[in-house]
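Undergrad:
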Amino acid sequence: MPANLAILSDPTKNTCPSFEDEEYSAIRQALIAGHQGPDAMTDEAAVAKLKETWTNSNARKIEAWNQQEAQRKEREAEEERAAQEAAAAEQERKRMEKEAEDEAERKAAEKKKPKINSFDANKSISSYIEPRPSSFAINKLDNLGYVELDYFTDRGCRQAQEEVEQASHNTTFGLTSLGGNGASDSGGLGLQPLSSLRPLKGIRRDQDLSWSETVSAKNTMISWMFKSKAWPEQHVQCTAKFFWALENHPIRKTSALGDRIVVVYGARARREWFDALERNEGFNLALIDESLMRSIADEVLEAARRAETEAVKRSVGRPRGSGKQKAVVETGPKRPPGRPRGSGKRKRADSEQDSDDLGVLQVKRGPGRPPKNVLGRVSVINLQGQKIRVAGNGRYNQAFMLEGSSSRSGSGLSNSSITSRQRSPLPTNVFSVHPRPTLPLPRTQAQAPQTTLPTHIEAEVVPLEPGEDPQHFVCDVDGHDVDEDVDDDDGDGSHCLENEASGEGIGVNEERPSGDEEEDEVDPDDALQDNPLSNESQKREPRAPWLLVVFNSLSAEARKRTTKGVPLLYTETQSFWFVHKSAYLILRAAGFPIPQLLYNPRFFLWDPLALETVPCPYCKTPLVRHGQISYPRQVVDFDSPFWIIGFRYRCPSCRHAKSNQHTVTFQSWDSRIIKVLSPPLAAEFPAELSWRSGMSRSLAEWMRSCFQAGMGAKQFTDVILAQHTLYHDKRRLQYLHTIVPRTLSTWIQNQKFAACLPYDDRSPEGFHGFVPSASWFRMIYDRMIEEHQSEILQHTAMLPLNVGAIDHSFKFSKQLARAKHEPVFPGLLTITNENGEIRTCHLVTTTGHSQSEPILMSATESLDMYGHPQPSAMYTDNISGDKALLEDAFNSALTQDVISVGEKYTHLEKLEIPPEVSVLVMKTVPQIDEVCKSILDDVLRGGEPVAIGFDSEWNVDYLANDRIRHQGPTALVQFAYRNAVGDMIAEGYLPSQLRAVLESPKVLKVGRMIDTDVANLRATGGITGPLHGIVDLAKLAKQRCVINSIRTTSLADLVARVLHRQLVKNSSEKISNTLF
1 MPANLAILSD PTKNTCPSFE DEEYSAIRQA LIAGHQGPDA MTDEAAVAKL
51 KETWTNSNAR KIEAWNQQEA QRKEREAEEE RAAQEAAAAE QERKRMEKEA
101 EDEAERKAAE KKKPKINSFD ANKSISSYIE PRPSSFAINK LDNLGYVELD
151 YFTDRGCRQA QEEVEQASHN TTFGLTSLGG NGASDSGGLG LQPLSSLRPL
201 KGIRRDQDLS WSETVSAKNT MISWMFKSKA WPEQHVQCTA KFFWALENHP
251 IRKTSALGDR IVVVYGARAR REWFDALERN EGFNLALIDE SLMRSIADEV
301 LEAARRAETE AVKRSVGRPR GSGKQKAVVE TGPKRPPGRP RGSGKRKRAD
351 SEQDSDDLGV LQVKRGPGRP PKNVLGRVSV INLQGQKIRV AGNGRYNQAF
401 MLEGSSSRSG SGLSNSSITS RQRSPLPTNV FSVHPRPTLP LPRTQAQAPQ
451 TTLPTHIEAE VVPLEPGEDP QHFVCDVDGH DVDEDVDDDD GDGSHCLENE
501 ASGEGIGVNE ERPSGDEEED EVDPDDALQD NPLSNESQKR EPRAPWLLVV
551 FNSLSAEARK RTTKGVPLLY TETQSFWFVH KSAYLILRAA GFPIPQLLYN
601 PRFFLWDPLA LETVPCPYCK TPLVRHGQIS YPRQVVDFDS PFWIIGFRYR
651 CPSCRHAKSN QHTVTFQSWD SRIIKVLSPP LAAEFPAELS WRSGMSRSLA
701 EWMRSCFQAG MGAKQFTDVI LAQHTLYHDK RRLQYLHTIV PRTLSTWIQN
751 QKFAACLPYD DRSPEGFHGF VPSASWFRMI YDRMIEEHQS EILQHTAMLP
801 LNVGAIDHSF KFSKQLARAK HEPVFPGLLT ITNENGEIRT CHLVTTTGHS
851 QSEPILMSAT ESLDMYGHPQ PSAMYTDNIS GDKALLEDAF NSALTQDVIS
901 VGEKYTHLEK LEIPPEVSVL VMKTVPQIDE VCKSILDDVL RGGEPVAIGF
951 DSEWNVDYLA NDRIRHQGPT ALVQFAYRNA VGDMIAEGYL PSQLRAVLES
1001 PKVLKVGRMI DTDVANLRAT GGITGPLHGI VDLAKLAKQR CVINSIRTTS
1051 LADLVARVLH RQLVKNSSEK ISNTLF
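The sequence shown begins at 1 in UniProt numbering and counts up by one.
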């Protein structure tokens, strides 16, 4: 077809014509006539030729159509692209015009003074408001001048605020130069508020400030320097680096007056820096000149010595107030006159004679002053083989607790209930020693009668550690250790694995140093745990000397930092852990091995402030470093402990509640510090801590898995203790294998290897092994659960319940508090799913359905909320009682597609009440008499006996195992007569007409097992005479040869045999207290 002609219709939709039709006969004849060939063309061949011709022609049309469509689409795409480009160009033109207009408007707006800036409606005020210095200080700062740091302290900011409130609110103006900073600038004069031109009164010099005030002031000053657009960024950075260099200068740690020295240096250097900038001789302020620092240090030390000398000098004459003073009279009960009873010579002689009769040797004190009980010093060898001397207990004190001894006054312990607790692994030899004198008690205790220890005793020596209170008893009533976990017996005589475990742990926790570190903010997670502040006299044993050696060495490495203050351990090893050496290589490198080398403790360095800004948990102010914590923190792991090296941080804004100073400090492992860190950094902290103890997070997670798998806390403690002891014994065996080949050479040289002490040895050379008790592990577990309570509840609410089980538990309620010896919650209702997971758990005051129904309804709502299907099956130990409740609660999901395997004749159709039969409930006596009278009237009119269906119901006390405990009187009588089924109820007695119906022989009472109903009804209604017309359907069926056995045939069997229907009796309806 011609190329210039367009195809108007789609040829793919064309259909081939029917060339066999009559209308195409002329074409076929013409084709036949024009055929050339040896054979003549038939009519069918002509039709085929026409179809072939049409098909080829239509194929060419389709090809042309496709080309035409492709060209059309390409043309339309080109037109659309051109239109888009034109639209984009038009949009770009409009945008440029809009930007030009906006720029013009912005320039015009800049020339005008705005009245007030806009605000963000979704943004609230910041949690921290920065102190605002005086206008004078801000004005000098904007003019690039020197400003005293006291303007930026809290004191200076408060004074500025007070003056602003008392002034005339900037209504007084003064003249100021509008030129530059120099005096030669001629920029004219202008008006400025007088408050920005007048300095505050009483501003102190920089060298008169304390170090804490300097740190607080420099933070505020640098912040305002950033806010001021006049200061170059280079100068601001230089000032910040200058104060950082002062804060981290070594002289602050090596000298007692280090803070004073760096304050004076900072004041003079900053003043000189501003003067040099004005002379155009500026220098780098951040570079500390050590020679100037030393000269200033000498000057400060000399001034301190002079001040001390002046303080020692005393004026001539007696000091004021040193004359005779009146005696201080102490208040309290007056002692009766005369000598105290029992203090005479005869009484003392009799007491000594009694002691001699008992064979007690009176040991007299030697002449001279008794020696002081001072701490000795012990020699140890560190890991590098260098001998050092570490303070420790040079000898054991002669103080002890003994069985049967008298208790301390006011302790509340009987003489026979105190059991000694050995605190050190000493040999249990028996000594005859003289006890230490009883220490004086406080005034409140000294007024009570006191008892003293006997003068001669035989007991196991229990040495006291340095600083330990000798009057503090370490045992409680019945001789149980204070850390011992004592469980109450259930009283059922059962024997469980939990009772076989001890769970006592081992060792004594180490001392928490006192001093300024006790002023740290108390961690709220530890406030209710093993907090020793409740009794400050209780102190633990000091840390082992070998541990302090390693701690001091690693602390020195922790002080090596980069220019940004990051420890080299973090940057070089990319780890928070110090390198842990191999025990074999340590022994191999040691010339003369000692057991302490194998202790090889692991250390973890925790300094998050070096990695990111740490805000104050209270005011969100960035914390500043306040030195290193002087003791390591012990953490229990799977088979060995590790120790944490931490730091103390101080808030420059918060004030201490007692001193009203900026001394609020936090430890780097404080739980509140961990919570304010970024989640990736907080995840690196490896421990769960209490007040003195701690456990690794990996061990805590494993403990949770053990508890969930059924392991008790006592068993878990014994397992951890076994692992720690095993690890120590392996190292001990490794040490013995190392020294065995060297024993001969050392014997020749008259040398001896040190013995490897047991795991729980508390001597200076011992390992000081420690594993917490079971109660401590339970406390940590409870705290973990409480911390994740919301997540656990959310997870529980999202669990499925495809197949559930409901049960009441009564063991848990025994552990709860009681009110007047009665449990407040007698039961615990639990619903579990097909995976054994608890889906719902509630304390209930009763096991009745009134408490269970709201719980099941809430479970149904929770399943719908989270898109879970309702349960398809439920397990219960009270099927008859709980079936209806469960079916109603779960929206009949339990009855859908259920085939009852306990019911018979399920293949038959169910027997239903015909629609023409009505059910009437007669509750009053007149109603019952009227119905019964109508039955009797029918008998009188017809003269023939009539039959009525008869049945009765009574209340029962139903047990959980489908057994009846007690049967009550008849509560319901049912008649089936004609097309009405009447349920007649009488209160306590039988109406007269009902009694007449029951006694009439012409009213046949028909039913199954009707004898039982009649007997119960006779007892209820007081019927003494015989009842006639009683017909049992089973007996009648037996007479008619329908059944073989009366005893085994029920009413459902008769219905199936006679009516060919299934009689369904729902147990929840049959056994119920509902009376319509």
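Just so you know, even glycine gets a beta-carbon here, dropped at the ideal spot from N, CA and C.
Are the beta-carbon atoms belonging to Phe825 and Leu801 less than 7 Å from one another?
TA: Locating residue 825 in the sequence shown gives position 825, counting from the first residue. Locating residue 801 in the sequence shown gives position 801, counting from the first residue. The answer is no: Cβ separation not under 7 Å.
Undergrad: Relative to the alpha-carbon of Gly1022, which residue among Leu1033, Leu994, Phe666, Lys1002 has its alpha-carbon at the smallest distance?
TA: Taking the first residue of the sequence shown as 1, we reach residue 1022 at position 1022. Out of Leu1033, Leu994, Phe666, Lys1002, Leu994 has the C-alpha closest to the C-alpha of Gly1022.
Undergrad: Kindly indicate which three-state DSSP category Tyr151 falls into: helix, strand or coil?
TA: Position 151 of the sequence shown, counted from the first residue, corresponds to residue 151. If DSSP states are grouped into helix, strand and coil, Tyr151 belongs with the helices.
Undergrad: List the endpoints of the continuous beta strand (DSSP E) containing Asp782.
TA: Within the sequence shown, residue 782 is the residue found at index 782, counting from 1. Per DSSP, Asp782 belongs to no beta strand (DSSP E); it is in the alpha helix (DSSP H), 774-787.
Undergrad: Assuming Leu605 contacts Ile645 (C-beta within less than 8 Å), just tell me the rounded distance between them.
TA: If you number the sequence shown from 1, residue 605 lands on position 605. If you number the sequence shown from 1, residue 645 lands on position 645. In this structure Leu605 touches Ile645 by the C-beta definition: roughly 5 Å separates them, less than 8 Å.
Undergrad: Whose CA, out of Gly769, His907, Val164, lies closest to the CA of Gln1062?
TA: Stepping through the sequence shown from its first residue, residue 1062 is reached at position 1062. If we check each option's Cα against that of Gln1062, His907 comes out closest.
Undergrad: Give me the residue from Glu834, Thr717, Gln927 with the minimum Cα distance to Pro772.
TA: In the sequence shown, residue 772 corresponds to position 772, counting from 1. Pro772 has its Cα closest to that of Thr717, out of Glu834, Thr717, Gln927.
Undergrad: In the structure shown, what three-state DSSP assignment does Phe431 receive?
TA: Start at 1 with the first residue of the sequence shown, and residue 431 comes out as number 431. Here the model assigns Phe431 a pLDDT of 32, short of 50, so the residue's position is not dependable and the matter cannot be decided.
Undergrad: By DSSP's criteria, Leu200 is part of a beta bridge. Which residues make up the other side?
TA: Here residue 200 refers to the residue found at position 200 of the sequence shown. Checking the DSSP bridge columns, you'll see Leu200 has no partner listed.
Undergrad: Name the one or two DSSP bridge partners that Trp577 has.
TA: One-based indexing of the sequence shown puts residue 577 at position 577. For Trp577, which the question treats as bridged, DSSP gives the partners Phe604.
Undergrad: Among the candidates Asn139, Val550, Pro131, Pro758, whose CA atom is the shortest distance from the CA of Glu162?
TA: As a position in the sequence shown, residue 162 is number 162, starting the count at 1. Comparing alpha-carbon positions, the option among Asn139, Val550, Pro131, Pro758 lying closest to Glu162 turns out to be Pro131.
Undergrad: How about Gly804 and Met874: are their beta carbons less than 7 Å apart?
TA: Within the sequence shown, numbered from 1, the residue matching residue 804 stands at position 804. Within the sequence shown, numbered from 1, the residue matching residue 874 stands at position 874. Yes, the pair counts as a contact, with Cβ atoms nearer than the cut-off.
Undergrad: Between which two residues does the alpha helix (DSSP H) carrying Glu79 extend?
TA: Mapped onto the sequence shown, residue 79 falls at position 79. Residues 43-110.
Undergrad: If you check the beta carbons only, do Leu285 and Asp206 fall under 7 Å apart?
TA: Within the sequence shown, residue 285 is the residue found at index 285, counting from 1. Within the sequence shown, residue 206 is the residue found at index 206, counting from 1. Their beta carbons are not under 7 Å apart, which means Leu285 does not touch Asp206 by this criterion.
Undergrad: Are the stretch 855-864 and the stretch 884-894 touching, with three or more C-beta to C-beta distances below 8 Å?
TA: Judged by pairs of C-beta atoms under 8 Å, the stretch 855-864 touches the stretch 884-894, as three or more such pairs exist.
Undergrad: Using alpha carbons as the reference points, say which of Ala48, Phe810, Gln870, Ala817 lies closest to Glu834.
TA: For the purposes of this step, residue 834 is taken as the residue at position 834 of the sequence shown. Sorting Ala48, Phe810, Gln870, Ala817 by C-alpha distance to the C-alpha of Glu834 places Gln870 at the top.
Undergrad: Beta-carbon within less than 6 Å of Asp882's beta-carbon, same chain only, minus the 5 sequence neighbours each way: which residues are those?
TA: Locating residue 882 in the sequence shown gives position 882, where the first residue counts as 1. Around Asp882: Thr876.
Undergrad: Let me check one thing: in DSSP terms, what residues is Thr830 bridge-paired to?
TA: Indexing the sequence shown from 1 puts residue 830 at position 830. Thr830 is bridged to Asp807, Cys841.
Undergrad: Out of Asp807, Arg106, Thr846, Met1009, which one is the CA nearest neighbour of Thr832?
TA: Working through the sequence shown from its first residue, we reach residue 832 at position 832. Checking every option, the nearest Cα to that of Thr832 belongs to Asp807.
Undergrad: Any contact between the stretch 928-948 and the stretch 995-1006? By contact I mean 3 or more CB pairs, one from each, below 8 Å.
TA: Here the stretch 928-948 lies against the stretch 995-1006, with 3 or more beta-carbon pairs under 8 Å apart.
Undergrad: Mapping the DSSP letters down to three states, classify Trp273 as helix, strand or coil.
TA: By 1-based counting over the sequence shown, the position of residue 273 is 273. Correct three-state label for Trp273: helix.
Undergrad: In whole angstroms, what separates the C-alpha of Ile780 from that of Glu688?
TA: Here residue 780 corresponds to residue number 780 of the sequence shown, with the count starting at 1. Here residue 688 corresponds to residue number 688 of the sequence shown, with the count starting at 1. Rounded to the nearest angstrom, the two C-alpha atoms are 8 Å apart.
Undergrad: Taking buried to mean at least 16 other C-beta atoms within 10 Å of its own C-beta, is Val898 buried or exposed?
TA: Numbered from 1 along the sequence shown, position 898 holds the residue referred to as residue 898. It counts as exposed.
Undergrad: Would you report the Cα separation of Gly1029 and Ile879, rounded to the nearest angstrom?
TA: For the purposes of this step, residue 1029 is taken as residue 1029 along the sequence shown, with counting starting at 1. For the purposes of this step, residue 879 is taken as residue 879 along the sequence shown, with counting starting at 1. Those two C-alpha atoms are separated by around 38 Å.
Undergrad: Who are the near neighbours of Phe288 in its chain, counting only those whose CB is closer than 7 Å to its CB and skipping five residues on each side?
TA: Numbered from 1 along the sequence shown, position 288 holds the residue referred to as residue 288. Correcting the residue identity first, residue 288 is Ile in this sequence and not Phe. The answer, listed in chain order, is Ala245, His249.
Undergrad: So what does Asp1032 bridge to, in DSSP terms?
TA: Here the question's residue 1032 lines up with position 1032 in the sequence shown. According to DSSP, which records beta bridges pairwise, Asp1032 is partnered with Gly1007.
Undergrad: By how many angstroms is the C-alpha of Leu257 removed from the C-alpha of Ala304?
TA: For this step, residue 304 is matched to residue 304 along the sequence shown. For this step, residue 257 is matched to residue 257 along the sequence shown. For Ala304 and Leu257, the distance between alpha carbons rounds to 9 Å.
Undergrad: Report yes or no: do three or more beta-carbon pairs, one from the stretch 753-764 and one from the stretch 735-743, lie closer than 8 Å?
TA: Three or more Cβ pairs drawn from the stretch 753-764 and the stretch 735-743 lie within less than 8 Å of each other, which places the two stretches in contact.
Undergrad: Got a sec: does the ligand ADP put a non-hydrogen atom nearer than 6 Å to the Cβ of Pro991?
TA: By its list of ligands, the structure shown contains no ligand whatsoever, and the ligand ADP lies outside what it can speak to.
Undergrad: Quick check on the DSSP output: what are the complete beta strand (DSSP E) runs of length 3 or more inside the stretch 614-702, in order along the chain?
TA: Within the stretch 614-702, the complete beta strand (DSSP E) runs of at least 3 residues are 624-628, 633-635, 642-645, 647-650, 665-667, 687-689, 694-696.
Undergrad: Compare the beta carbon distance of Thr665 and His626 with 7 Å and say whether it is the shorter of the two.
TA: Position 665 of the sequence shown, counted from the first residue, corresponds to residue 665. Position 626 of the sequence shown, counted from the first residue, corresponds to residue 626. Yes, the pair counts as a contact, with Cβ atoms nearer than the cut-off.
Undergrad: Taking the beta strand (DSSP E) that Tyr875 falls in, what are its first and last residues?
TA: Here the question's residue 875 lines up with position 875 in the sequence shown. Run containing Tyr875: 873-875, per the beta strand (DSSP E) assignment.
Undergrad: Look at the Cβ atom of Gly949, then the Cβ atom of Ala976, and state whether they are nearer than 7 Å.
TA: As a first step, residue 949 is located in the sequence shown; it is residue number 949 there, counting from the start. As a first step, residue 976 is located in the sequence shown; it is residue number 976 there, counting from the start. Cβ atoms of Gly949 and Ala976: closer than 7 Å.
Undergrad: Where DSSP assigns a beta bridge to Asp951, which residues make up the other side?
TA: The sequence position of residue 951 within the sequence shown is 951, counting from 1. Answer is Gln974, bridged to Asp951.
Undergrad: For the alpha helix (DSSP H) that Val215 lies in, which residues bound it at each end?
TA: Taking the first residue of the sequence shown as 1, we reach residue 215 at position 215. Note, Val215: alpha helix (DSSP H), 211-227.
Undergrad: Taking the alpha helix (DSSP H) that Cys238 falls in, what are its first and last residues?
TA: Taking the sequence shown and counting its residues from 1, one reaches residue 238 at position 238. It spans 233-247 - the alpha helix (DSSP H) in which Cys238 sits, taken as one unbroken run.
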